Amino acid sequence: MRTMKASLLLILVVSLVAALSVGCSKKTENTEETGANQAAPTPIDQSTVATITGKVSYTGTKPTPKVIHMDTEPACAAANSGPVYTQELEVNSNNTLKDVFVAVTDGANNYTFAVPSTAVTIDQKGCRYHPHVLGLMAGQTLQIENSDHTTHNIHPMPKDNPEWNTSMPQGSQPLEKKFGRSELLIPVKCNVHPWMKAYIGVTKNPFFAVTGDDGSFEIKGLPPGTYTLTAFQEKLGQQTMQVTVGAKETKTADFTFKGE
Amino acid sequence: MSRISEHPTPEGAALHRFLVFLSAATLFLIVAGALVTSNDAGLSVPDWPTSFGSFRMPPMVGGIFYEHGHRLVAGTVGLLTILLTVWVLMKEGRPWMKKLAGVALFCVVVQAVLGGITVRFFLPPPVSTFHACVAQIFFSLIVSMAVFTSRGWRSSTVHLEDPWGISLRVLSAASVGVIFLQLFLGAAFRHFWFNVIPHVANAVVVTVMILWTAAAVIKRFGNEPFLKRPAIAAMALLVGQLILGPGAYFLLVAATHDPQPTQPMVSVTVAHVVVGAMTLAAMLVLMLRTFRVVAPRHRTAENMEMARSVTG
């Protein structure tokens with residue numbers, strides 16, 4: 000009898016722990032908007048602003064993209080007419096890299112920048128994220144859409160921001176989220192479809208770009224000064240470069256990543 | 000109303016069959032859980048205890064099939080455990096069996112809560128590892144209860160002496176301990192808590208202990224099928240594990256840069272987990288049976304004779 004009472008007591012304690020865990024996890028979700036840039040923007044003389052352009056090259060053996068097998072999910076297979084390949088290392092025809100996130104990571108800390116009021120959109124379409132790599136400022140709205148005829152969950156795995164994992168059934172309304180702290184890069188995945196991966200760069204300033212089909216980037220509107228420019232590639236890591244720009248100047252900063 | 004006791008009864012046989020069924024159901028639950036981990040589907044249903052905000056069946060696609068399927072199997076095993084507890088409380092004559100049933104039910108509750116925490120807190124490695132370990136503890140409990148209700152257990156008494164070397168009681172208990180440690184280290188590796196080295200190092204210890212224990216059984220009690228069968232089973236399962244373990248690791252490493260879990264990797268890693276649980280069960284059966292029929296060292300021949308005359 001005493002054992003049964005002890006068991007009942009333990010069950011109650013465990014239930015309490017469960018209830019607390021649910022409560023705690025909700026608190027984590029609710030703190031996501033803290034840390035947004037609230038101070039007034041620093042005035043910047045637009046007549047003196049500079050530009051950094053460049054391209055991200057690749058040397059080494061060109062990787063063979065792997066085919067993603069979507070046959071376990073009929074809605075995903077039906078949404079794509081041909082084979083779908085991995086995006087972790089996309090080498091363009093001119094031996095440059097696509098989807099490299101390039102950002103000013105130092106040199107602009109004395110400035111305060113207004114957080115854009117427009118949202119940055121990521122769409123789940125064909126059981127892939129579009130775009131695969133994207134950037135936004137801390138506190139800026141990320142709008143998440145689901146254009147697919149299936150359920151996804153969007154699950155960023157940040158280190159400095161609260162983690163969240165939200166389900167988006169077919170036809171659900173766009174979801175709006177914010178990251179309060181700058182963080183480069185936050186991996187995003189869908190646990191329903193494990194091949195779905197994206198990366199989000201959250202910055203303190205508006206000086207970032209993502210390379211496209213020609214491997215080039217352009218960062219405009221920089222006040223004259225010396226900056227640390229960092230290029231992030233999800234598989235090959237990151238590289239940094241010091242760049243000094245004068246008033247109205249356009250500087251070139253090229254990166255080269257070496258493959259296997 | 001008849002009560003189940005140490006002596007064989009039809010009630011006892013029915014409970015034993017139910018416990019064998021529940022052991023099989025629990026092993027299937029371990030398969031379902033291993034599939035969730037190997038398919039990286041643990042967070043495909045982001046909420047708990049509901050699935051997508053309700054208790055209705057969600058679309059069983061992608062990772063949801065594995066995660067929600069695991070919850071359904073777990074719920075079924077939970078209900079069967081409630082039934083077991085009621086059955087044992089009402090029909091069992093042995094008080095310690097009632098306690099075991101209570102502990103099994105408690106394990107179910109703990110396991111559900113650990114599963115919930117692991118989902119709500121995005122798979123914290125220690126919690127996910129303990130979730131895997133409590134599964135093995137629950138499985139061991141149900142297997143033990145199945146042994147305690149078996150005809151062989153109820154009709155056997157202490158009748159063997161073990162005066163050679165390290166006693167079989169110590170060997171079998173140590174083997175159970177190192178196998179459980181191995182399952183913990185394997186789970187810690189699978190859930191990104193530890194690296195693989197402790198699991199590999201302990202595999203050597205497990206291999207030595209199982210072979211030593213099985214050899215002791217064959218050498219000392221080779222004509223006792225009650226002990227020999229689980230010893231042979233443990234050795235056969237060990238051979239399987241020695242093939243599956245390296246296979247699982249190399250397939251896991253090979254699949255690192257694949258866009259999704261590969262079928263060979265999933266199959267072999269799940270088989271490695273399940274055969275590990277079966278190895279623990281085989282050695283546990285051997286240990287329990289050893290404690291049932293092999294006299295402890297301090298027991299004299301006179302005591303054994305007395306035991307024979309009392310039970311006979």
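Residue numbers (numbering that gives the first Met the number 0), protein chains in the order written: chain Z, 0 to 259; chain R, 0 to 311.
Yeah, the Cβ is synthetic: ideal placement off N, Cα and C, and Gly gets one too.
Note that the structure is a prediction, hence the values are computed from the model and not measured.
With 16 or more other Cβ atoms inside 10 Å of its own Cβ, R/Gly275 counts as buried. Under the Cβ criterion of 8 Å, Z/Val191 is counted among the residues facing chain R. The count of Cβ pairs closer than 8 Å, one atom from the region 78–97 of chain Z and one from the region 135–143 of chain Z, stays below three, leaving the stretches out of contact. Counting only the Cα atoms, Z/Pro82 lies some 56 Å from R/Ser149. Counting along the chain, Z/Ser215 sits inside the beta strand (DSSP E) bounded by residues 215–221. Of R/Thr268, R/Arg219, R/Met264, R/Phe249, the smallest CA-CA separation from R/Thr289 is found for R/Arg219. Apart from the 5 residues on each side of it in sequence, R/Ser155 sits with its Cβ closer than 6 Å to the Cβ of Arg291, Val292 in its chain, given in chain order.
Under the 8 Å criterion on CB atoms, R/Ile63 is classed as interfacial with respect to chain Z. Distance from the Cα of Z/Glu217 is smallest, within the candidate group Z/His131, Z/Gln123, Z/Glu248, for Z/Glu248.
Straight-line measurement puts the Cα of R/Ala33 at about 9 Å from the Cα of R/Ala270. R/Asp39 reaches chain Z at Lys188, Asn190, Pro193, counting residues in chain order whose Cβ is nearer than 9 Å. Taking 8 Å as the threshold, the shortest C-beta distance from Z/Ile67 to chain R falls below it.
Between the region 58–65 of chain R and the region 17–27 of chain R there are fewer than three C-beta pairs closer than 8 Å, too few to call the two in contact. Assigned with DSSP and collapsed to three states, R/Ala213 falls in helix. Within the DSSP bridge table, the entry for Z/Tyr84 names Z/Val66 as partners. In this structure, Z/Ala49 lies near Z/Val244, with their beta-carbon atoms less than 8 Å apart. Note on geometry: alpha-carbon atoms of Z/Glu233 and R/Leu180 lie some 36 Å from one another. Taking a cut-off of 8 Å for Cβ pairs, the region 95–106 of chain R and the region 206–225 of chain Z do not touch, as fewer than three such pairs fall below it. Chain-ordered, the chain Z residues with CB closer than 9 Å to the CB of R/Val60 read Thr71, Glu72, Pro73, Ala74, Cys75, Thr149, Thr150, Val191, His192. Within chain R, Pro45 have C-beta atoms less than 7 Å from the C-beta of Z/Thr165, given in sequence order. In this chain, R/Leu182 is not harboured by any beta strand (DSSP E); it is covered by the alpha helix (DSSP H) spanning 167–189. For Z/Lys247, the three-state secondary structure derived from DSSP is coil. At a beta-carbon threshold of 8 Å, the residues of chain R lying near Z/Glu162 are Phe121, ordered along the chain. Taken in chain order, the members of the region 238–266 of chain R whose beta-carbon sits within less than 7 Å of a beta-carbon on chain Z are Asp257, Pro258, Gln259, Pro260. Taking the Cα positions, R/Val216 is about 18 Å away from R/Val177.
At a cut-off of 8 Å between C-beta atoms, R/Leu182 does not count as an interface residue with respect to chain Z.
Within the region 115–135 of chain Z, contact with chain R at the beta-carbon level (separation under 8 Å) is assigned to no residue.
With contact defined as three or more Cβ pairs closer than 8 Å, the region 197–204 of chain R and the region 250–259 of chain R are not in contact. Look at Z/Ile43 here: in three-state DSSP terms it is coil, with no helix or strand label. In the DSSP assignment, R/Val118 falls within the alpha helix (DSSP H) that extends over 94–119.
For Z/Ala118 and Z/Val187, the gap between their C-alpha atoms comes out near 18 Å. Only exposed fits R/Pro162, as fewer than 16 other CB atoms lie within 10 angstroms of its CB. In the DSSP annotation of this structure, the continuous segment of the beta strand (DSSP E) that includes Z/Arg127 starts and ends at 127–129. A direct Cα-Cα distance of roughly 21 Å separates R/Ile81 from R/Cys132. Taking each of Z/Gly125, Z/Arg180, Z/Thr165, Z/Thr140 in turn and checking the Cα distance to Z/Thr149, the smallest one comes out for Z/Gly125.
Sixteen is the threshold: since fewer than 16 other Cβ atoms of the shown chains lie within 10 Å of the Cβ of Z/Thr239, the residue is exposed.
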